[in-house]
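Residue numbers (our numbering), protein chains in the order written: chain R, 32 to 169; chain L, 434 to 681. Down below is the structure, laid out as structure tokens.
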């Protein structure tokens, strides 16, 4: 029978798991950040009205216009919050309410030129924040 | 030119829709809507009917003119070479026939060559008389199946000219929009519809100042966000270096 204790092997496994989790989290930080930046650029072009696709000929086009602008900002928020939360996790901290509030303000701030986009984005952000709050492990 | 009328057969009309005009950037009256320059982007846009003819009607104003655009989608075979769109303006919001004393008409002489003329008439006892001085402007163009007519009508700028209706800020006026296929007025009119247009007051410059402030705030927010993302990217690179160092 072996007299070598099995403890170090367990520790090695834990270390390995921690490293894999860390790698995954860091990968997520980068990928989410890149996607967040892409949606930031799209939002910049659409929400500052640098690009106007639709001339609002009919109400359906107005709706599509508002929908695109809203979805772009919500996706920006989702990816940046994912990236930032994972970044905080990698450095051993937790996302606090100040960080969350800052990102919410910077997201909603993108929509101030269009009241309809502002309202829909605000509602969307509330839903996402409630969802993120509910899936937290306490 | 005097053309006799069969047009006004009743004592009045019934307005179908009321439109509140909006302020927007001055469009070029050339019968073409330039999407890239956001022309007419601020206009009130409705899809409506002149009798049974579907049209897109756009209305907006700036500080000197009221702008009306009418777009008609028809199969090419149904576009008449000499079709026209006319705007017959009432002295007030009244739809009584004797109140409609001014007509602006954009008349194609050959629609396939985009050849058109703008006419300004005054109406007396249902007879159309050419104005001695033309006020306003109009243009038209056929693109694909859509013929686009654009009109500009001066606001508060007639100086006592009795041949035209003097449009005033904050005023409500009945507009009879007509479509016809022969250059004879009004017997060439085939379709028509009355719209009540409310011209916005002049002192509504506050929204544009508000808009400018919102633009500035928006630029600041996007700049802050850009700086935040730049700083965050720097932090990520630093973290990456730290992790690599730690692994070694």
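Using N, Cα and C, we set each Cβ at its ideal position, and we do this for glycine too.
Would you verify that the beta carbon of residue 122 of chain R is, or is not, closer than 8 Å to some beta carbon of chain L?
yes
Rounded to a whole number of angstroms, what is the C-alpha to C-alpha distance between residue 64 of chain R and residue 126 of chain R?
16 Å
Do residue 596 of chain L and the ligand ATP come close, with the Cβ less than 7 Å from some heavy atom?
Ligands are entirely absent from the displayed structure, and the ligand ATP is therefore not among its contents.
Run through DSSP, which three-state label would residue 543 of chain L get?
strand
Quick one: residues in its chain with C-beta nearer than 6 Å to the C-beta of residue 513 of chain L, no 5 flanking neighbours on either side, listed in chain order?
614
Given that residue 60 of chain R touches chain L, what residues does it touch there, using C-beta distances under 7 Å?
669
According to DSSP, is residue 92 of chain R part of a helix, a strand, or is it coil?
helix
Identify the continuous beta strand (DSSP E) that holds residue 553 of chain L and give its terminal residues.
548–557
Please check if any C-beta of chain R sits within less than 8 Å of the C-beta of residue 462 of chain L.
no
The alpha helix (DSSP H) that contains residue 160 of chain R, what's its start and end?
146–165
Can you check whether the C-beta of residue 582 of chain L is within less than 8 Å of a C-beta belonging to chain R?
no
Should the region 645–658 of chain L be regarded as contacting the region 611–625 of chain L, the criterion being three or more beta carbon pairs within less than 8 Å?
no
Give the secondary structure of residue 667 of chain L by DSSP, where H, G and I count as helix, E and B as strand, and everything else as coil.
helix
Reduced DSSP secondary structure (H/G/I, E/B, other) of residue 580 of chain L
strand
May I have the straight-line CA-CA distance separating residue 680 of chain L from residue 120 of chain R, to the nearest angstrom?
18 Å
CB of residue 93 of chain R within 8 Å of CB of residue 151 of chain R, strictly
no
Using only the alpha-carbon positions, how far apart do residue 499 of chain L and residue 530 of chain L sit?
22 Å
For residue 504 of chain L, which residues of its own chain have a beta-carbon under 6 Å away from its beta-carbon, when the five flanking residues on both sides are left out?
489, 579 and 581
Please specify which runs of the beta strand (DSSP E), each continuous and at least 3 residues long, are wholly inside the region 54–89 of chain R, giving them in chain order.
none
Between the beta-carbon of residue 543 of chain L and the beta-carbon of residue 554 of chain L, is there less than 8 Å?
no
Measuring CA to CA, which of L:583, L:523 and L:574 is closest to residue 546 of chain L?
L:574
Across the region 652–672 of chain L and the region 135–151 of chain R, are there enough close Cβ pairs to call them in contact, namely three or more that are closer than 8 Å?
yes
Report yes if the CB atom of residue 479 of chain L is closer than 8 Å to the CB atom of residue 631 of chain L, and no otherwise.
no
Look at the alpha carbon of residue 62 of chain R and the alpha carbon of residue 668 of chain L, and state the distance between them as a whole number of angstroms.
15 Å
Spatial neighbours of residue 677 of chain L in its chain, beta-carbon cut-off 7 Å, leaving aside the 5 residues before and after
none
Cβ of residue 662 of chain L within 8 Å of any chain R Cβ
yes
For residue 497 of chain L, I'd like the list of residues in its chain whose CB is within less than 7 Å of its CB, leaving aside the five on either flank, ordered along the chain.
587, 588 and 590
Counting only Cβ-Cβ distances shorter than 9 Å, please list the residues of the region 597–624 of chain L near chain R, keeping chain order.
none
For a contact defined as C-beta to C-beta under 9 Å, what are the partners of residue 499 of chain L on chain R?
The premise fails here: residue 499 of chain L is roughly 20 Å from chain R at the closest Cβ pair, so nothing lies under 9 Å.
Determine whether the Cβ of residue 159 of chain R lies closer than 8 Å to any Cβ atom of chain L.
no
Hey, is residue 79 of chain R's beta-carbon within less than 8 Å of any beta-carbon in chain L?
yes
Evaluate residue 454 of chain L with the Cβ neighbour count: other Cβ atoms within 10 Å of its Cβ, from every protein chain shown; 16 or more gives buried, anything less gives exposed.
buried
Which of helix, strand or coil does DSSP assign to residue 138 of chain R?
helix
Rounded to whole angstroms, what's the CA-CA distance from residue 664 of chain L to residue 153 of chain R? Just pull it up for me.
26 Å
Three or more C-beta pairs under 8 Å: does that hold for the region 598–606 of chain L against the region 161–168 of chain R?
no
In three-state terms, what does DSSP make of residue 507 of chain L?
coil
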